[in-house]
Structures are given as structure tokens and as C-alpha cells.
Amino acid sequence: MTIYQNLIGGEWIGSDATENINPSDTNEVVGLYADGSAEDTKNAIAAAKAAFPAWSRSGIWERHVILKKAGDEIMARKDELGALLAREEGKTLPEAIGETIRASQIFEFFAGEALRLAGEVIPSVRPNIGVEITRDPLGVIGIITPWNFPIAIPAWKIAPALCYGNTVVFKPAELVPACSWAIVDILHRAGLPKGVLNLVMGKGSVVGQAMLDSPDVSGITFTGSTGTGRRVAAASLEHNRKFQLEMGGKNPMVVLDDADLDVAVEAAANSGFFSTGQRCTASSRLIVTEGIHDKFVAALTAKLETLVVDNALKAGTHIGPVVDEKQLKTDTDYIEIGRQEGAKLAFGGELISRETPGFYLQPTLFTEATNEMRISREEIFGPVVSLIRVKDYEEALATANDTPFGLSSGIATTSLKHATHFKRNAEAGMVMVNLPTAGVDFHVPFGGRKGSSYGPREQGKYAAEFYTTVKTSYTLA
Ligand code: ADP
965 MTIYQNLIGG EWIGSDATEN INPSDTNEVV GLYADGSAED TKNAIAAAKA
1015 AFPAWSRSGI WERHVILKKA GDEIMARKDE LGALLAREEG KTLPEAIGET
1065 IRASQIFEFF AGEALRLAGE VIPSVRPNIG VEITRDPLGV IGIITPWNFP
1115 IAIPAWKIAP ALCYGNTVVF KPAELVPACS WAIVDILHRA GLPKGVLNLV
1165 MGKGSVVGQA MLDSPDVSGI TFTGSTGTGR RVAAASLEHN RKFQLEMGGK
1215 NPMVVLDDAD LDVAVEAAAN SGFFSTGQRC TASSRLIVTE GIHDKFVAAL
1265 TAKLETLVVD NALKAGTHIG PVVDEKQLKT DTDYIEIGRQ EGAKLAFGGE
1315 LISRETPGFY LQPTLFTEAT NEMRISREEI FGPVVSLIRV KDYEEALATA
1365 NDTPFGLSSG IATTSLKHAT HFKRNAEAGM VMVNLPTAGV DFHVPFGGRK
1415 GSSYGPREQG KYAAEFYTTV KTSYTLA
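Remember, our numbering sits 964 above the position in the sequence shown when you count from 1.
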């Protein structure tokens, strides 16, 4: 089997490899991918550092052309890359193709942003002096990504890093190297100079840690668990380095008595269970007012009955497998915790066998949960949802905000008054009205508050806040 190698200083290298296993069919090896060392990481950082002066001064047209070319190739290969994504991560083929299209759109967006780089010219408060405010790239950006969006998250970090003139060392999650390898290959062939984009696949504790420990990495953008996020923060403070963290969520979705029942059920089923609940924006807390509670539970469980859990590549599958054995154990451990805490298992909770051996779990709904239970406070990252009954809107809002996290927050209501109040008072980076808490646009800011995020927002033109540093220049006329 071919070994997909690391790209360091423009060369494909590496002979140690690990297997990339398909969670829908654990007999299938998707491919062999390089297992990089700390030495490889150091070499990649040195290559990125050496490439920075020239790339940071490269023309905006060159950056535009390369990013556009990459976006176009990803779009042209959306079915093939989508299938690769579904095989390595386990989300359904339509979800995986959708994510691939999104990655392409992100490259198209930042190809455009490269042509719109601008600053400000401002008069000084002193006579005969001009002031210019411009943005400089940071230098070498370390990119550390999780497994749940194998192509979109790398795209939304790599595209702005390159657009604004930074060079990159990119470390994808161990479970999903294939899509990362594919987009690095595409960008390399699109004409990036040697060393501008380096790929080091390998373990977080080895490759990721070597990035955290390097004084030559000027910025780290990280999406992953809270624990690793804290390590990124501590190591970055030591090096006086800029960092950006996207971590967990325990996103609430409020359903009020006046909600359109169909809209509420569709949004809750999508938010809680699609992509196997493995989205940081997934809604794992449903907060439902008394008047609609029983009707909503009946309609949601009827909807869950219709959802097919099976191989991600099979037509008709709504929910693919859990990503791996470790995550499956986390999910089933939390199901046991929910039972012991006294929540009522209203649907699911069981492992399922399918034609191909994989990590299949029923969508699982706990009702009669309280917001104090561990299943309502801790991020599970699986298809496991707690439903909490509340008296009225005021209690619903207070419950929604009573969480250590603050990524996305949703409400289903036909009341303009409550929708408006909720938008103003939800303690979250993103608010959804009559929509799933997951599912966002690629051209507007993404990110959260409290324990969910740290640093500037990602995506859209707000990405410049992280990937550049502002310079104020004064000139005597
Ligand atoms: P998850 O539990 O979802 O896998 P992690 O935070 O462990 O979340 O993983 C997110 C990313 O962080 C992955 O690319 C992983 O390899 C990387 N990572 C894990 N440990 C470290 C570490 N000590 N230093 C840097 N990166 C790490």
C-alpha cells in the first residue's frame, strides 16, 4: 500500500505510517498515512520560517490565483473527496460532500479576500503628520485540527493563514489524515512555493507538542478538546505567542409553547443527531416549556424512529457510525451515567449491528433530565441528547445560559418578542432562531464565548483579526 507522506519544505517525506480505518467498516483500511516525529516537526517549522519573508511579500494576485485554483479543484473533485471523507470519518455521503463543497467555498472566499487587503489612512492629531494603519502577517502559523470536520476546518484555517501572507505548519487529527493530505497536495500543485505550507501528520503528543514548544511558531490556531486547548494556551503564553482556541459546546435549543412543532422537531433532530452528534455546534440540551413538552417528545421520538443508522456510504443512511471505539465508549459511558442520574431513556441507548462491522449507536434521547446532571453539563460529542422540562420562557433562557460553554444557542418560537429577547440575551457566539444550532455560513464569523472559545473569531473577514497584526505608521510630510 502507498504511504501518504508528510510535506516538509516542498518535499514529500516519511516512511513510518499508521493505518486510517473506516469506522463504517473496520475491516477497511482507507490508507497508510505518515506518522511524523518531533524532528520532522522542527524541520517543517524551519522550512516555514525560511519561506516566510518571500511569501509575506508575495503579490496578492499570486495568492489569489493559488487559493482560487485550490477551491476550483476541490469543487471539481467534490464527489471523490466527499467519499474519502465519509470513509475516514463516518459522516454520511451527502453530509461529507456538503462539507467538501464548503471547503471549496472557503478557498474561493479567501481568494477574494487576498484582493481586498486594505488599510486606513488617518490624519494625525499633530500637524504635517500622516498616519497609516496596516496589517502584517504573523509569521509561522501552527494549525492543529480535530477529526470531526476533516476538510472544512483545515480549509478555514489554512486559507486565511495563506491569504494574509503567513506560512504554515499543519497537523491534522490522527483519525482523519486523508482529507488533509488531499488538500495539501492540491495547494502544493496549485503552485505554493516550497516551505509555505508544510504538513506533519502524526500524534498530538509528539507533533502537536513539538509545535507548542517551538519559539519559532508565531501563532497557533487550535480546534479540539478543552484539555488540549488549555495546553495550547499555557505553552503559547510562555512563548508570548498569539493563539486561538475553539473547544467544546453544550449547546441549548429552547422550544417554546408557541413553536411550530414541525420546525422544532426538524431542528432538534438535525442539531442533536445528524453527523452522529459529533459537531461542536450540536444541540445536546433541549429545553422545552410545559405546554408543548409531551407533544414535542412524542413527535421527536416518532422522528427518531424513522432515522436510519448505517454505513456512511450507503444511500438512505441518516446517521453514520461513531468515529472510533474510544468515542463510542465515551458515549455509552454517558448513557450509563444518564440512567444512574435518573433521567428517563425515552429513545435509543443501544449499540447496533450492521452488514459491515462499525461503531453503530442508536440516537439516544433522555427526557426528565435536569440541567444539573452530568449528561446536561459535560460535552459528550455523540448522538446523546438531554431534554429538560421548564415552566416558561424566563426559566428556559436562564437554563440555556446556565452552562460553562457558549458556542451556539437556539430557540424555536413563533413569537417575535421572545426571539428578539433571546437573540439579545443568549450567552453564545452564535444564535439560531427556528434553525438547528449546527449549520453555519462560511463567510461570517464563527466562534463562541465562555469555555467554548478563546481569541478572535474564525472565518469571514473577521479571520484577519487572528492571522494578522496591526501596524500604525507615522510619517512627517
Ligand atoms: P479529541 O479528544 O477530540 O481528539 P484533542 O484535543 O485530543 O481532541 O485533539 C485535537 C487535536 O489536538 C488533534 O489534532 C490532536 O492530535 C491534537 N493534540 C492532542 N494532544 C496534543 C498536545 N499535547 N499538543 C498539541 N496538540 C495535541
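Cβ coordinates follow ideal geometry from the N, Cα and C atoms, glycine included. Being a predicted model, the structure only gives us computed values, none of them experimental.
Beta carbon of residue i nearer than 8 Å to that of residue j
{"i": "PRO1118", "j": "PRO1136", "result": "yes"}
{"i": "THR1377", "j": "ASP1222", "result": "yes"}
{"i": "GLY1172", "j": "ALA1011", "result": "no"}
{"i": "PRO987", "j": "ASP1288", "result": "yes"}
{"i": "ASN1215", "j": "THR1439", "result": "no"}
{"i": "LEU971", "j": "ASN1162", "result": "yes"}
{"i": "LEU1201", "j": "PHE1186", "result": "no"}
{"i": "ALA1078", "j": "ILE1024", "result": "yes"}
{"i": "VAL1286", "j": "THR1240", "result": "yes"}
{"i": "HIS1282", "j": "ARG1353", "result": "no"}
{"i": "ILE1086", "j": "ALA1441", "result": "no"}
{"i": "GLY1302", "j": "ILE1251", "result": "no"}
{"i": "LYS1055", "j": "ALA1276", "result": "yes"}
{"i": "GLY1106", "j": "GLU1138", "result": "no"}
{"i": "VAL1408", "j": "ILE1097", "result": "no"}
{"i": "PHE1311", "j": "LEU1351", "result": "no"}
{"i": "ARG1243", "j": "ASN1398", "result": "no"}
{"i": "ARG1099", "j": "ALA1428", "result": "yes"}
{"i": "PHE1410", "j": "ARG1421", "result": "yes"}
{"i": "ALA1383", "j": "ILE1375", "result": "yes"}
{"i": "LEU1156", "j": "ASN1130", "result": "no"}
{"i": "GLY973", "j": "ALA998", "result": "no"}
Beta-ladder partner(s) of residue i, from DSSP
{"i": "GLN1208", "result": "THR1185"}
{"i": "LEU1031", "result": "Looking at the DSSP assignment, LEU1031 forms no beta bridge with any residue, so it has no partner."}
{"i": "PRO1087", "result": "GLY1094"}
{"i": "LEU1351", "result": "LEU1250"}
{"i": "MET1337", "result": "Answer is none; MET1337 lacks a bridge partner."}
{"i": "VAL993", "result": "ILE985"}
{"i": "VAL1434", "result": "ARG1099"}
{"i": "VAL1219", "result": "VAL1252 and ALA1376"}
{"i": "ASN970", "result": "ILE977"}
{"i": "THR1331", "result": "LYS1308"}
{"i": "ALA1262", "result": "DSSP, once it has assigned bridges, lists no residue as partnering ALA1262."}
{"i": "THR1401", "result": "None, per the DSSP bridge assignment."}
Enclosing beta strand (DSSP E) for residue i [first to last residue]
{"i": "TRP976", "result": "975 to 977"}
{"i": "ALA981", "result": "981 to 986"}
{"i": "LEU1161", "result": "1161 to 1163"}
{"i": "GLU1442", "result": "In the structure displayed, the chain extends from 965 to 1441; residue 1442 sits before or after that span and is not available."}
{"i": "TYR1357", "result": "Per DSSP, TYR1357 belongs to no beta strand (DSSP E); it is in the alpha helix (DSSP H), 1357 to 1365."}
{"i": "LYS1308", "result": "1308 to 1311"}
{"i": "THR1131", "result": "1131 to 1135"}
{"i": "GLY1106", "result": "1104 to 1108"}
Where the alpha helix (DSSP H) through residue i begins and ends
{"i": "ALA1018", "result": "1002 to 1020"}
{"i": "TYR1426", "result": "Looking at the DSSP string, TYR1426 is not in any alpha helix (DSSP H), and its letter there is neither H nor E."}
{"i": "GLY1213", "result": "Element bounds for GLY1213: n/a, residue is neither H nor E."}
{"i": "ASP1295", "result": "1289 to 1305"}
{"i": "VAL1196", "result": "1190 to 1202"}
{"i": "PHE1237", "result": "1225 to 1237"}
{"i": "MET965", "result": "Counting along the chain, MET965 falls outside any alpha helix (DSSP H), and DSSP gives it neither H nor E."}
{"i": "VAL1148", "result": "1141 to 1153"}
{"i": "ASP1043", "result": "1042 to 1053"}
{"i": "LYS1121", "result": "1116 to 1127"}
{"i": "GLN1173", "result": "1173 to 1176"}
{"i": "SER1416", "result": "Here SER1416 belongs to no alpha helix (DSSP H), and DSSP marks it neither H nor E."}
{"i": "ALA1082", "result": "ALA1082 -> no alpha helix (DSSP H), and no H or E assigned at all."}
Same chain only: Cβ atoms within 6 Å of residue i, ignoring 5 sequence neighbours per side
{"i": "ALA1174", "result": "ALA1002 and THR1005"}
{"i": "GLY1188", "result": "PRO1110"}
{"i": "SER1459", "result": "Because the chain here runs from 965 to 1441, residue 1459 falls outside it and cannot be looked at."}
{"i": "MET1394", "result": "SER1372"}
{"i": "LYS1034", "result": "Sequence check: residue 1034 is Ala here, not Lys. Hits under 6 Å: PHE1071, ILE1150, LEU1151 and ALA1154."}
{"i": "VAL1261", "result": "THR1331"}
{"i": "HIS1028", "result": "ALA1075, ALA1078 and LEU1079"}
Rounded distance between the beta-carbons of residue j and residue i, thought under 8 Å
{"i": "ALA1008", "j": "VAL1133", "result": "5 Å"}
{"i": "LEU1220", "j": "TYR1357", "result": "6 Å"}
{"i": "GLY1346", "j": "GLN1291", "result": "6 Å"}
{"i": "GLY1236", "j": "VAL1349", "result": "4 Å"}
{"i": "ALA1392", "j": "GLY1412", "result": "6 Å"}
{"i": "GLU1053", "j": "VAL1140", "result": "5 Å"}
Nonlocal neighbours in the same chain, by C-beta distance under 7 Å from residue i, ignoring five residues either side
{"i": "ILE1115", "result": "LEU1045, LEU1049, GLU1063, THR1064, ALA1067, CYS1143 and ILE1147"}
{"i": "GLY1419", "result": "PHE1207, GLN1208, LEU1209 and PHE1430"}
{"i": "ARG1205", "result": "VAL1181, SER1182, GLY1183 and ILE1184"}
{"i": "ASN1335", "result": "ILE1352, THR1363 and ASP1366"}
Same chain only: Cβ atoms within 8 Å of residue i, ignoring 5 sequence neighbours per side
{"i": "LYS1355", "result": "THR1253 and GLU1254"}
{"i": "PRO1368", "result": "LYS1214, ARG1341, LYS1414 and GLY1415"}
{"i": "SER1317", "result": "TYR1324"}
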